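Visitor:
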Amino acid sequence: MNQAEDPPAEREPVPAPDEVTSRTVEQSTRPPPPDGPRSGVTHRGKRPWSARRIPAALTALAIAAAAGFLLFDVVRVRTGRPASAWRVRLADELATRSVDDVWVRVGAAVLAVLGLWLLVLALTPGLRRRLPLRSPDERLRAVLDRDAAVLLLRDAAMRVPGVSGARIRMGRRRVKVRADARFRAPADVRADLTAALREEIDRLALARPPSLAVRTRARPK
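When you number the sequence shown by numbering that gives the first Met the number 0, it's gap-free, plus one each residue, and the end is 220.
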């Protein structure tokens with residue numbers, strides 16, 4: 000008795016080696032999507048903006064308190080009661096004092112300074128203790144705390160032969176280093192220290208690398 004044999008399954012044709020190579024080259028040379036990150040391209044990160052919670056809260060409380068007192072006094076006057084003493088005195092002072100009065104000038108200067116301070120807070124990002132880093136994608140932002148950067152630079156300075164102590168002050172555009180040199184000439188220590196700190200600054204990948212100022216002084220053994 001003959002058994003029915005199943006027909007052999009159809010197999011997909013195996014592509015030729017040349018075809019596989021051409022497909023691989025085509026996929027590897029295909030440009031990346033427009034929204035994706037581009038490899039090899041770094042963007043200068045920006046400092047994040049501060050929420051300014053304390054100045055905003057103080058300003059809101061001051062305005063709310065002044066508006067509340069004034070509204071309360073206006074409601075009292077509308078109900079038939081006399082105006083508050085502070086409001087009457089303020090109206091008299093504004094009516095009798097001239098513009099060139101000392102207290103008027105002082106008050107105007109104080110208000111102008113407060114207004115300029117609020118404008119500066121509104122137009123500047125703040126968070127000066129955070130240093131922006133370079134990023135491979137403009138949508139990705141990274142920052143480094145300034146104290147952490149100082150610790151990294153100090154560790155790099157202490158690894159230089161001949162440095163017994165280092166004091167580092169780091170600003171947004173400049174790094175000032177004062178080091179104590181022992182067992183070696185201060186000029187040699189300064190050259191090695193400058194090279195080590197420049198390498199460490201490059202390793203930090205800061206968006207705006209600061210300039211470097213190094214001073215060394217000899218210390219007795």
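Virtual Cβ for every residue (Gly too), placed ideally from N, Cα, C.
Only a predicted model underlies this, so the values are computations on that prediction, with no experimental measurement involved.
With a 10 Å radius around its C-beta and 16 neighbouring C-beta atoms as the bar for buried, classify Gly-161 as buried or exposed.
Guide: Here residue 161 refers to the residue found at position 162 of the sequence shown. By the neighbour-count rule (16 or more Cβ atoms within 10 Å), Gly-161 is buried.
Visitor: Can the beta-carbon of Leu-143 be found less than 9 Å from the beta-carbon of Leu-203?
Guide: Along the sequence shown, read from residue 1 onward, the residue named residue 143 stands at position 144. Along the sequence shown, read from residue 1 onward, the residue named residue 203 stands at position 204. Closer than 9 Å, so yes.
Visitor: I'd like the list of long-range same chain contacts for Ala-148, defined as Cβ closer than 7 Å, with 5 residues on each side in sequence excluded.
Guide: Start at 1 with the first residue of the sequence shown, and residue 148 comes out as number 149. Result list for Ala-148: Leu-130, Met-169, Leu-203, in chain order.
Visitor: Could you spell out where the beta strand (DSSP E) holding Thr-215 opens and where it closes?
Guide: Looking up residue 215 in the sequence shown gives position 216. Thr-215 -> beta strand (DSSP E) spans 210-217.
Visitor: Where does Leu-205 fall in DSSP's three states?
Guide: Along the sequence shown, one-based indexing puts residue 205 at 206. Correct three-state label for Leu-205: strand.
Visitor: Can you tell which of Ala-217, Leu-132, Ile-167, Pro-47 has its C-alpha closest to the C-alpha of Pro-124?
Guide: Within the sequence shown, residue 124 is the residue found at index 125, counting from 1. It is Pro-47 whose Cα lies nearest to the Cα of Pro-124.
Visitor: Between Ala-190 and Arg-166, what straight-line distance do the alpha-carbon atoms span, to the nearest angstrom?
Guide: Counted from its first residue, the sequence shown places residue 190 at position 191. Counted from its first residue, the sequence shown places residue 166 at position 167. Going by the C-alpha atoms only, they are around 17 Å apart.
Visitor: Going by the beta-carbon positions, is the gap between Arg-268 and Asp-72 smaller than 9 Å?
Guide: Residue 268 lies beyond the range of the chain shown here (0 to 220); nothing can be said about it.
Visitor: Might you give, ordered along the chain, the residues of its own chain that have their beta carbon closer than 6 Å to the beta carbon of Ser-210, omitting 5 neighbours on each side?
Guide: Locating residue 210 in the sequence shown gives position 211, counting from the first residue. Excluding positions up to five away in sequence, the list reads Arg-173.
Visitor: Just to confirm before moving on: does the CB-CB distance between Leu-120 and Arg-51 stay below 9 Å?
Guide: On the sequence shown, residue 120 is found 121 positions in, with the first residue counted as 1. On the sequence shown, residue 51 is found 52 positions in, with the first residue counted as 1. Result yes, Cβ atoms of Leu-120 and Arg-51 sit closer than 9 Å.
Visitor: What is the rounded straight-line gap between the Cα of Ala-82 and the Cα of Glu-92?
Guide: Numbered from 1 along the sequence shown, position 83 holds the residue referred to as residue 82. Numbered from 1 along the sequence shown, position 93 holds the residue referred to as residue 92. Cα-Cα distance, rounded: 15 Å.
Visitor: Is Ala-184 helix, strand or coil by DSSP?
Guide: Translated into the one-based positions of the sequence shown, residue 184 becomes position 185. In the structure shown, Ala-184 sits in coil (DSSP, three-state: anything other than H, G, I, E or B).
Visitor: For Leu-152 versus Val-176, is the C-beta distance shorter than 9 Å?
Guide: Within the sequence shown, numbered from 1, the residue matching residue 152 stands at position 153. Within the sequence shown, numbered from 1, the residue matching residue 176 stands at position 177. Yes, these two residues count as a Cβ contact at 9 Å.
Visitor: Excluding five sequence neighbours on each side, which residues of the same chain lie with their C-beta closer than 7 Å to the C-beta of Pro-54?
Guide: In the sequence shown, counting from the first residue as 1, residue 54 sits at position 55. Around Pro-54: Leu-120.
Visitor: For the alpha helix (DSSP H) holding Arg-145, just list the boundary residues, first then last.
Guide: The count along the sequence shown starts at 1 and reaches residue 145 at position 146. Element bounds for Arg-145: 145-157.
Visitor: Using the three-state DSSP reduction, which class does Asp-179 fall into: helix, strand or coil?
Guide: Reading the sequence shown from its first residue, position 180 is the one you call residue 179. The answer is strand: DSSP assigns Asp-179 an E or B state.
Visitor: Which of the three DSSP states, helix, strand or coil, is assigned to Ala-50?
Guide: Within the sequence shown, residue 50 is the residue found at index 51, counting from 1. Coil at Ala-50, not helix or strand.
Visitor: Please work out which residues of its chain come closer than 6 Å, Cβ to Cβ, to Ile-200, disregarding the five sequence neighbours upstream and downstream, and give them in chain order.
Guide: Taking the first residue of the sequence shown as position 1, residue 200 is located at position 201. Correct list, in chain order: Pro-208.
Visitor: For Arg-80 and Leu-60, I'd like the C-alpha separation in whole angstroms.
Guide: Counting from 1 along the sequence shown, the entry for residue 80 is found at position 81. Counting from 1 along the sequence shown, the entry for residue 60 is found at position 61. Whole-angstrom Cα-Cα distance: 27 Å.
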